[in-house]
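> Got a structure for you, written out below as structure tokens; questions coming shortly.
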Amino acid sequence: MTFLIVLLVILLLVGSFVVSNYNSLVVLRNKVRDQFSQIDVQLKMRADMIPNLVEIVKGYEKHEKGTLEAVIKARNTYLSAGSPDEKMKSSGELTQAINKLFALAENYPDLKANENFLKLQASLEEVEDKIRHARQFYNDAVLMYNNKIEVFPSNFIASIFHFTKESFFEATEDEKKNVEIKF
749 MTFLIVLLVI LLLVGSFVVS NYNSLVVLRN KVRDQFSQID VQLKMRADMI PNLVEIVKGY
809 EKHEKGTLEA VIKARNTYLS AGSPDEKMKS SGELTQAINK LFALAENYPD LKANENFLKL
869 QASLEEVEDK IRHARQFYND AVLMYNNKIE VFPSNFIASI FHFTKESFFE ATEDEKKNVE
929 IKF
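Given below as structure tokens:
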């Protein structure tokens, strides 16, 4: 009888350990997904602003067609991206294209003075700031989740229930380079 009680207590302890670790892994995984969706919202907002920006710039410059086409292509690539990894990659390409467009605008004084362009540029800069913060929160959530998956003893539960590591939102090599404009 005593053996049965001890066995029952051990099973309850092991069961509560498994449930507790499993639930904390689910919470952390959901936090990672939520944080990525916060980035996605801001990236979509930025992508929605691009057509207006392109239209304003079109009226001021005629021989920078390649830069405008690169911005439009990068926007379309982002909008068609499916997986989080594809969205991360295409987001970097879009950021690079927008930076080139703003650098290009420096050569057009009338464009720099255009009120609509200035408002749109300020709005995009605000969204970029929100994206930076959202990426930081996402990476913090990924770090906590990945740590939980790798540390003992929760790594056993993660392995049993097939929890996998998430990728950090990292700057691409192109994003790390300075924007280069050639005329």
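Throughout, my numbering is defined as the position within the sequence shown, counted from one, plus 748.
Note that the Cβ used here is the ideal one computed from N, Cα and C, for glycine as well.
Just so you know, these numbers come straight off a predicted model, no measurement behind them.
Along the alpha helix (DSSP H) that carries Ala-870, what are the first and last residues, could you check?
Residue 870 sits at position 122 when you count from the first residue of the sequence shown. From DSSP, the alpha helix (DSSP H) with Ala-870 extends over 863 to 898.
> Between Ala-889 and Gln-783, how many whole angstroms is the CB-CB distance? I'm expecting something under 8 Å.
Within the sequence shown, residue 889 is the residue found at index 141, counting from 1. Within the sequence shown, residue 783 is the residue found at index 35, counting from 1. Confirmed, about 4 Å.
> What number of angstroms, rounded off, separates the C-alpha of Ile-798 from the C-alpha of Lys-792?
The sequence position of residue 798 within the sequence shown is 50, counting from 1. The sequence position of residue 792 within the sequence shown is 44, counting from 1. Straight through space, the alpha carbons of Lys-792 and Ile-798 are spaced by roughly 10 Å.
> Quick one: what's got a C-beta closer than 6 Å to Glu-817's C-beta in the same chain, skipping five residues either side?
Working through the sequence shown from its first residue, we reach residue 817 at position 69. Excluding residues within five positions, none has a Cβ falling inside 6 Å.
> Are there three or more Cβ pairs, one per stretch, closer than 8 Å when the segment 890 to 901 is compared with the segment 823 to 843?
no
> Buried or exposed: which applies to Glu-928, given that a residue is buried once 16 or more other Cβ atoms fall within 10 Å of its Cβ?
Sequence index remark: in the sequence shown, residue 928 carries index 180 (1-based). For Glu-928, the pLDDT reaches just 48, beneath the cut-off of 50, and the residue's location in the model is therefore unreliable, leaving the point undetermined.
> Going by C-alpha distance, which of Val-774, Thr-750, Arg-781 is nearest Phe-916?
Taking the sequence shown and counting its residues from 1, the one referred to as residue 916 is at position 168. When each option's Cα is compared against that of Phe-916, the closest is Arg-781.
> Measuring alpha carbon to alpha carbon, tell me which residue in Phe-751, Ile-753, Tyr-770, Leu-761 is nearest Ile-908.
Here residue 908 refers to the residue found at position 160 of the sequence shown. Among Phe-751, Ile-753, Tyr-770, Leu-761, the Cα nearest to that of Ile-908 is on Tyr-770.
> By Cβ distance below 6 Å, which residues in the same chain neighbour Leu-801 in space, the five residues on each side in sequence not counted?
One-based indexing of the sequence shown puts residue 801 at position 53. So the list reads Leu-868, once near-sequence residues are dropped.
> From the DSSP output, in three-state form, read off Tyr-856 for me.
Within the sequence shown, the letter at position 108 stands for residue 856. Here Tyr-856 sits in coil by DSSP.
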